[in-house]
Amino acid sequence: MAEDFILEMKGITKEFPGVRALDNVDFKVRRGEIHCLVGENGSGKSTLMKILSGFYPHGEYEGTIIFDGQERHFRNIHDSENAGIVTIFQELALIPELTVYENIFLGHEIKKGRFIDWNETIAKSKEILHTLRPDLDPSRKVKDLGVGLQQIVEVAKALSKNVKLLILDEPTSALNEDDSENLLRIIKELKKRGITSILISHKLKEVIEVADTITVLRDGKMVARLEDRSQFTESNIVRYMVGREIEDIY
Ligand code: ADP
Ligand code: MG
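Take the sequence shown: its position 196, counted from the start at 1, is 196 in UniProt numbering, and no numbers get skipped.
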């Protein structure tokens with residue numbers, strides 16, 4: 001059977017003044033999988049995802065992106081979101097003074113340039129939230145929620161945009177154990193619904209728990225792609241992260 005990749009990034013190179021953040025990186029993600037991206041601080045993980053989400057537009061990096069069967073050049077974040085890629089960055093992008101409902105539906109309605117049908121809005125966000133966290137009251141202000149629930153609002157916002165590929169950049173770094181578990185459970189639920197996720201995390205236990213494939217970056221280079229669960233051990237992953245040279249990656 002032909003392998004079905006929702007995403008192929010090829011030969012990605014990105015330089016900042018004095019730093020080669022990404023050096024000829026190939027990164028492929030299968031449709032429907034949970035793909036974990038790991039590497040030490042500064043290894044280039046966030047930069048790679050920022051290229052994918054249009055934060056660094058075409059022209060500011062070298063290489064090609066094939067998403068969902070087509071070569072794409074994302075000029076900005078909206079371009080990438082319109083293609084079905086939603087990124088939850090390390091710094092949450094919610095507006096604390098607004099309610100959960102309002103945050104979920106914010107970007108959409110401005111783009112459509114028409115008045116908001118609040119009944120429809122509420123019904124839809126209720127349905128999305130219910131599947132994620134039935135106990136969360138959507139009329140609460142985001143600033144009154146804990147970080148764990150705020151992450152869930154971010155995921156709900158992504159789902160309301162008909163996401164095909166969800167990117168989470170260190171989502172659990174600020175979460176306690178219960179909230180982290182809950183978020184991982186949601187990522188697994190989304191997988192059952194056919195949504196592909198890329199999860200960046202330095203918590204190797206959770207990576208090993210949820211990953212179908214693990215890509216390791218080191219100093220801007222792709223040093224390993226692990227697809228076999230027998231390779232998913234902390235010591236193995238750490239060895240790639242910190243730099244034992246391996247000839248036989250593929
Ligand atoms: P990671 O997410 O794996 O911790 P990053 O992608 O954030 O790594 O960073 C990769 C490298 O690029 C680091 O050396 C970092 O200092 C550098 N870098 C990232 N963003 C910028 C920027 N906006 N300007 C200059 N250097 C940057
Ligand atoms: Mg980062």
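All C-beta atoms in this analysis are idealised placements derived from N, C-alpha and C, irrespective of residue type, glycine included. On a predicted model such as this, the values are computed, not experimentally measured, just so you know.
Is H35 helix, strand or coil by DSSP?
-> Position 35 of the sequence shown, counting from 1, holds the residue named residue 35. Note: H35 maps to strand in three-state DSSP.
Quick one: residues in its chain with C-beta nearer than 7 Å to the C-beta of N76, no 5 flanking neighbours on either side, listed in chain order?
-> Locating residue 76 in the sequence shown gives position 76, counting from the first residue. So the list reads G54, P57, once near-sequence residues are dropped.
Lining residues of the ligand ADP - beta-carbon closer than 5 Å to any non-hydrogen atom, in sequence order = F16, V19, A21, N41, G42, S43, G44, K45, S46, T47
Enumerate, from N- to C-terminal direction, the unbroken beta strand (DSSP E) stretches of 3 or more residues contained entirely within the segment 66-137.
-> 70-72, 85-88
Would you give the residue range spanned by the beta strand (DSSP E) that G11 belongs to?
-> Position 11 of the sequence shown, counted from the start, is the residue given in the question as residue 11. Start and end: 5-16.
Buried/exposed call for I85, threshold 16 Cβ in 10 Å = The sequence position of residue 85 within the sequence shown is 85, counting from 1. Result: buried.
What do you reckon, are the CB atoms on L165 and L7 nearer than 9 Å?
-> For this step, residue 165 is matched to residue 165 along the sequence shown. For this step, residue 7 is matched to residue 7 along the sequence shown. A contact, by the Cβ cut-off of 9 Å.
Return the first residue and the last residue of the alpha helix (DSSP H) that R185 is part of.
-> Within the sequence shown, residue 185 is the residue found at index 185, counting from 1. From DSSP, the alpha helix (DSSP H) with R185 extends over 177-192.
Ends of the beta strand (DSSP E) at S139?
-> Reading the sequence shown from its first residue, position 139 is the one you call residue 139. Looking at the DSSP string, S139 is not in any beta strand (DSSP E), and its letter there is neither H nor E.
With a CB to CB cut of under 6 Å and the five nearest residues on each side skipped, what residues in its chain are close to A179?
-> Taking the first residue of the sequence shown as position 1, residue 179 is located at position 179. The sequence as given places Asp at residue 179; Ala does not occur at that position. Same-chain partners within the cutoff: G148.
Coarse secondary structure for N162, derived from DSSP in three states = Taking the first residue of the sequence shown as position 1, residue 162 is located at position 162. Looking at N162 - three-state DSSP - the assignment turns out to be coil, as it is neither helix nor strand.
Assumed close pair V163, V100 - CB separation to whole angstroms, cut-off 8 Å = Start at 1 with the first residue of the sequence shown, and residue 163 comes out as number 163. Start at 1 with the first residue of the sequence shown, and residue 100 comes out as number 100. About 18 Å; that fails the 8 Å criterion.
When DSSP labels each residue in this structure, what does L217 get in the three-state scheme?
-> Numbered from its first residue, the sequence shown carries residue 217 at position 217. DSSP places L217 in strand when its eight states are reduced to three.
Spatial neighbours of E189 within its chain, please: CB distance less than 7 Å, with the 5 preceding and 5 following residues excluded, ordered by chain position.
-> Here the question's residue 189 lines up with position 189 in the sequence shown. Nothing listed; no residue qualifies.
Between which two residues does the alpha helix (DSSP H) harbouring I195 extend?
-> Reading the sequence shown from its first residue, position 195 is the one you call residue 195. From DSSP, I195 is part of no alpha helix (DSSP H); its letter is neither H nor E.
Between the beta-carbon of K157 and the beta-carbon of I104, is there less than 9 Å?
-> As a working note, residue 157 is residue 157 in the sequence shown. As a working note, residue 104 is residue 104 in the sequence shown. Closer than 9 Å, so yes.
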